[in-house]
DNA sequence: ACTATAGTTAACCATACGGTTAAGTATTGA
DNA sequence: TCAATACTTAACCGTATGGTTAACTATAGT
């Protein structure tokens, strides 16, 4: 193993571990937005939002382009897909195990 | 909204944000194990593992039962499923948007 | 009874997170 | 030119992570 993607997964899952950052991603799933637009629903300071943006960017979940004085932000899917793939991979194991248990309980009541 | 599950998601994603904890979960997907068994692959101290176990337990991803002097650990699926559901929910949006872009590019070459 | 094993708790340290206010850099528009 | 807007950086604070060693509890095996 000795996985590359370990670092990516650390950052991606870490980035997802905060409601403001998940809120930002959810908003972006509906289309591009500026930092100010993304900040609007949350009652924290601009620097706080700026830090969240940085964490999301570091995690590769988001990218942006400067247009004049505003930063237009959009989602990047790759890392999110990797994160989901990690969970998905083991979910199938769990379901298999649950299915096996169910079968066992059905056949051995 | 004002989501309950926000806290759960914070903890679950936070717990997934470390390679040792993901390793522990991966190992557990193959069946129950004791803390010592889970610790074996990693070259950190026992207290370090103990802390990781605590974080996984707090996140509701894992539970355990004492059998004599050893703790038998197993996965708990619920929180993991919630985490996956969160990602999945927005992934479909992203795929929709990608599909739309593809269609557009096909129809407007 | 003693010793080894399984695991935790306590105390400590360094670094990251999550927030703040204050100040700084660009850009826009009057 | 000047003031407002969009956003970041700097400096600071409290708390959480992630690790260590040392000491503790409890069970198992001899």
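Residue numbers (my numbering), protein chains in the order written: chain A, 56 to 164; chain B, 56 to 164.
For each residue, glycine too, the CB sits at the ideal point set by N, CA and C.
Predicted model, so just to flag it, every value in this text is computed and none were measured.
From residue 93 of chain B to residue 121 of chain B, what distance separates their C-alpha atoms? Those two C-alpha atoms are separated by around 15 angstroms.
Query raised in the report: In whole angstroms, what is the alpha-carbon distance linking residue 66 of chain A and residue 113 of chain A?
Result: So the alpha carbons of these two residues sit roughly 7 angstroms apart.
- Leaving out five residues on either side along the sequence, give the residues of the same chain with a beta carbon under 8 angstroms from the beta carbon of residue 77 of chain B. Cβ within range, chain order: 71.
Checklist entry - Which residues share a DSSP beta bridge with residue 126 of chain B? => result B:121
Please say whether residue 87 of chain B and residue 129 of chain B have beta carbons closer to each other than 8 angstroms?
yes
| said: Please state the DSSP three-state secondary structure of residue 81 of chain A. | reply: helix
**Item:** C-beta atoms of residue 139 of chain B and residue 144 of chain A nearer than 8 angstroms
**Value:** Result no, Cβ atoms of residue 139 of chain B and residue 144 of chain A do not sit closer than 8 angstroms.
Margin query: Less than 8 angstroms between the C-beta atoms of residue 137 of chain A and residue 84 of chain A, yes or no?
Written below: The beta carbons of residue 137 of chain A and residue 84 of chain A sit no closer together than 8 angstroms.
### Task
Compute the distance between the beta-carbons of residue 116 of chain A and residue 80 of chain A, then report whether it is under 8 angstroms.
yes
Could you spell out where the alpha helix (DSSP H) holding residue 92 of chain B opens and where it closes?
90-94
Notebook entry, point to check: Where does residue 72 of chain A sit, in a helix, a strand or coil, going by DSSP?
Noted result: coil
- [ ] Can you grab the Cα-Cα spacing for the pair residue 96 of chain A / residue 73 of chain B, in whole Å?
- [x] 30 angstroms
Exercise. Along chain B, which residues have their Cβ under 9 angstroms away from the Cβ of residue 135 of chain A?
Worked result: 142, 145, 146, 149
Exercise. Comparing alpha-carbon positions, which option in A:131, A:89, A:68, A:141 lies nearest residue 123 of chain A?
Worked result: The shortest CA-to-CA distance from residue 123 of chain A to any of A:131, A:89, A:68, A:141 is the one to A:89.
Could you check the C-alpha separation between residue 57 of chain A and residue 110 of chain B for me, to the nearest Å?
-> Legend: pLDDT at residue 57 of chain A = 42, less than 50; position of this residue unreliable, value from coordinates given subsequently. Residue 57 of chain A and residue 110 of chain B: Cα-Cα distance of roughly 23 angstroms.
Query - Same chain, Cβ closer than 7 angstroms to residue 127 of chain A, five either side skipped, listed in chain order - result: 87, 89, 119, 120
Hey, could you find the ends of the alpha helix (DSSP H) residue 105 of chain B is sitting in?
Taken as a continuous stretch (DSSP letters only), the alpha helix (DSSP H) holding residue 105 of chain B covers 101-113.
- [ ] With DSSP collapsed to three states, give me the class of residue 139 of chain A.
- [x] When DSSP states are grouped into helix, strand and coil, residue 139 of chain A belongs to the helix group.
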